[in-house]
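At position 77 of the sequence shown the residue is numbered 109 (our numbering), and the sequence of numbers has no breaks.
We treat Cβ as the ideally placed atom computed from N, Cα and C, and that holds for glycine.
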Amino acid sequence: MRYNLSDLKTVRAILEKHGFSFSKSLGQNFLINPNVCPAMAEEAVASGEDGVLEVGPGIGVLTAELCARAKKVVAVELDRRLLPVLSETLEDFDNVEIVSGDVLKLDLHALLREKFAGCRKVTVCANLPYYITSPVIMKLLEEKLPVESIVVMVQKEAADRLCAEVGSREAGAVTVAVQYYAAARALFKVGRGSFVPSPKVDSAVIRLDIRKNAAFAPADETFFFRMVRAAFAQRRKTALNGISAGLALPKETVAAALQSAGLPADVRAEKLTMEQLCRLSDILSESDKE
Ligand code: SAM
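Spelled out as structure tokens, the structure:
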């Protein structure tokens, strides 16, 4: 490897050579802690037969670690100014492909089909831009992509929420969605000093292992997620008020559903377990059809 991409002087020299300046709006905080990328890559790549999808390679510090371990790495980068930088920093690897584009707009099913033929399995590994953490994670999960696990760095507070237990104070609608599709756990914390430029917040690496079979199966999945979003929309409201307002259902209907589900009328969404949310959704989706 020609460059030590964890060395601040080297990073500055490469960026200067290419006339690159950081874009705050694209969430560009590049990792310079030499321990973090190898640890993330070890988590993401179990064998040399695996394929890895990376989101936002930056100057390629994590990409290089993934390339050293995986059969193939495909990295999606939105900022076209980084393409010549990546051609230079990753020139030693012949198993990497940079896709220029917005991960939120790409057809990831087509991308995975096209790029990872011959790989034993595909995982996702990324230091995600903070401004799109939840949309990226939700896209990866909701589109039911054929990936086995997702190892990503996110803001520490987002990690706490994503890995919270459903039914706990930290839980939100995104927690329910994540736990629905995957088993989530926090791996390790990464301090703000591990990046250049240094962000105002700390980060954490989390791991999502995609469930092969859903742990809970509401009768109407679309209704379930609409109800969950409504229930959690205003954290100070009761689930009854949130669901009634968000789904435009009469309060009496929601109150009756809570009662049939054996739940108190004034319960807050954060107190509800996955099983209780599913039961409530099944009762309400039935009454919604009537
Ligand atoms: N992986 C590098 C690292 O760890 O140093 C860079 C991580 S930086 C937090 C996020 C990267 O995502 C940046 O390179 C940024 O340009 C890129 N990015 C931002 N929005 C994106 C999008 N919508 N699609 C793809 N890449 C994006």
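Environment of residue i [buried if 16+ CB atoms lie within 10 Å]
i, result
"Gly90", "buried"
"Val254", "First, the residue type needs correcting, since residue 254 is Thr and not Val in the sequence shown. Exposed: under 16 other Cβ atoms inside 10 Å."
"Val150", "It should be pointed out that residue 150 corresponds to Gly in this sequence rather than to Val. With fewer than 16 other Cβ atoms within 10 Å, it is exposed."
"Asp126", "exposed"
"Ser230", "exposed"
"Glu81", "exposed"
"Gln291", "exposed"
"Gly294", "exposed"
"Ala45", "exposed"
"Glu175", "exposed"
"Leu40", "exposed"
"Val184", "buried"
"Glu86", "buried"
"Gln211", "buried"
"Arg261", "buried"
"Ser79", "exposed"
"Glu142", "According to the sequence as given, residue 142 is Ala; it is not Glu. It counts as exposed."
"Ala214", "buried"
Of the listed residues the options, nearest to residue i (C-alpha basis)
i, options, result
"Ala249", "Glu189, Asp126, Arg217 and Cys310", "Cys310"
"Ala247", "Cys157, Thr305 and Ala73", "Thr305"
"Ile130", "Gly204, Ala149, Arg112 and Ala142", "Arg112"
"Ala71", "Ser276, Ala96 and Ile242", "Ala96"
"Thr165", "Ser235, Ser79 and Leu290", "Ser235"
"Ala102", "Asn159, Glu75, Leu140 and Pro167", "Glu75"
"Asn159", "Gly294, Ser276, Leu136 and Gln60", "Gln60"
"Val108", "Gly88, Arg224, Leu172 and Thr42", "Gly88"
"Val237", "Ser181, Glu197, Thr121 and Glu318", "Ser181"
"Leu316", "Val106, Glu307, Arg300 and Asp252", "Asp252"
"Val93", "Lys303, Phe227, Val286 and Ala218", "Phe227"
"Tyr162", "Phe62, Lys49 and Ile242", "Phe62"
"Leu173", "Cys69, Leu140 and Ser276", "Leu140"
"Arg152", "Ala214, Gly83, Glu146 and Leu143", "Gly83"
"Ala289", "Arg201, Ala196, Met259 and Phe54", "Met259"
"Gly223", "Val186, Gly204 and Arg34", "Val186"
"Thr285", "Pro178, Ser313, Lys303 and Ala301", "Ser313"
"Val105", "Pro167, Gln308, Ala73 and Arg267", "Ala73"
"Val128", "Ser55, Leu115 and Asp134", "Leu115"
"Thr270", "Pro178, Phe52, Asp134 and Ala297", "Ala297"
"Ala196", "Pro167, Val156, Lys171 and Arg239", "Arg239"
"Phe264", "Gly199, Asn65, Leu281 and Ile242", "Gly199"
"Arg300", "Leu281, Ser319 and Arg267", "Arg267"
"Ser132", "Thr42, Leu118 and Arg145", "Leu118"
"Ser55", "Leu110, Cys99, Leu37 and Glu202", "Leu110"
"Glu302", "Asn67, Pro178, Asn36 and Gly204", "Gly204"
"Glu120", "Ile64, Asn36 and Val156", "Asn36"
"Thr42", "Asn273, Leu281 and Pro66", "Pro66"
"Val168", "Asp124, Arg145 and Asp134", "Asp134"
"Met170", "Gly274, Ser53, Ile242 and Glu48", "Ile242"
First and last residue of the uninterrupted beta strand (DSSP E) at residue i
i, result
"Asp241", "Ser235 to Ile242"
"Ala215", "Ala214 to Val222"
"Ser132", "Val128 to Ser132"
"Glu109", "Lys104 to Glu109"
"Thr121", "From DSSP, Thr121 is part of no beta strand (DSSP E) but of the alpha helix (DSSP H) over Leu115 to Thr121."
"Ala158", "Val154 to Asn159"
Range of the contiguous alpha helix (DSSP H) that encloses residue i
i, result
"Glu189", "Lys188 to Leu194"
"Lys147", "Leu140 to Lys147"
"Asn273", "Ala271 to Leu279"
"Ser166", "Thr165 to Glu174"
"Glu253", "Glu253 to Ala265"
"Lys283", "Lys283 to Ser292"
C-beta neighbour in chain C for residue i, strict 9 Å
i, result
"Arg239", "Among the protein chains of the structure shown there is no chain C, as only one such chain exists."
- Which ranges would you report for the beta strand (DSSP E) in the segment 49-97 if only whole runs of at least 3 residues count? 83-87
- Query: Are three or more beta carbon pairs between the segment 217-225 and the segment 187-196 nearer than 8 Å?
  - Reply: yes
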